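*Asks:*
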Amino acid sequence: MEPVYYREAFRWIVSHPLDWLGLEMRKVFYLVVPVGPSYTLHSRLYVIGSVVPYLLAVPLALMGIWAARVRLGRTPGMWLLTAASVLICLVFFPQERFRLPIIDPTLIICAAAWIARTDREFRA
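Numbering (numbering that gives the first Met the number 0), first residue to last: 0 to 123.
Structure follows, in structure tokens:
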């Protein structure tokens, strides 16, 4: 049945390109923002444990990416891992328990880059 499903999926994408783009945008949103029905199925502590670390790490990660923008090419493995995980999520969109372990290392490394940069500036 797999070839049938692929054929039907591609047929739908070709006949509804704007709907498909909207679907992909929703996937990107839910990939990055830890909200949605799969989070609310669990206890309040699970939601807090999933959302609060992101709220703390994402701003630091964005600042780390900005601070390290000149040296981003020095870590191609991390960026390939990130690109592969995002691509997989855009195609298959797994549940959050499979998305979180892939994106977390990137956030942590970028946040660490920002902290290291500000620590060096503070010591100087």
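Where is the CB? At the ideal position from N, CA and C, for every residue including glycine. Given the structure is predicted, the values throughout are model-derived calculations rather than measurements.
Entirely within the stretch 6 to 93 and at least 4 residues each: give me those alpha helix (DSSP H) ranges in chain order.
*Replies:* Listed in chain order, they are 16 to 31, 36 to 39, 43 to 66 and 75 to 90.
*Asks:* With a Cβ-Cβ cutoff of 7 Å, do Ala66 and Leu106 count as a contact?
*Replies:* Cβ atoms of Ala66 and Leu106: not closer than 7 Å.
*Asks:* Pull up the distance between the alpha-carbon of Thr81 and that of Arg43, whole angstroms please.
*Replies:* Distance between the alpha carbons of Thr81 and Arg43 is about 29 Å.
*Asks:* If contacts are defined as beta-carbon pairs under 8 Å, then Cys109 and Gly72 qualify, I think. What distance do you get, rounded to the angstrom?
*Replies:* Cys109 to Gly72, Cβ: 15 Å. No contact.
*Asks:* Kindly list the residues whose CB is nearer than 6 Å to the CB of Ile47, restricted to its own chain and excluding five residues on each side of it in sequence; keep chain order.
*Replies:* Nothing meets the Cβ criterion.
*Asks:* Can you tell me whether Ser14 is buried or exposed? The criterion is at least 16 other CB atoms within 10 Å of its CB, across all chains shown.
*Replies:* So Ser14 ends up on the exposed side.
*Asks:* If we call anything under 7 Å between Cβ atoms a contact, is Leu89 one with Glu1?
*Replies:* Not in contact: Leu89 and Glu1 (Cβ atoms no closer than 7 Å).
*Asks:* Would you mind sorting Ala112 into buried or exposed? The rule is 16 or more other CB atoms within 10 Å of its CB.
*Replies:* So Ala112 ends up on the buried side.
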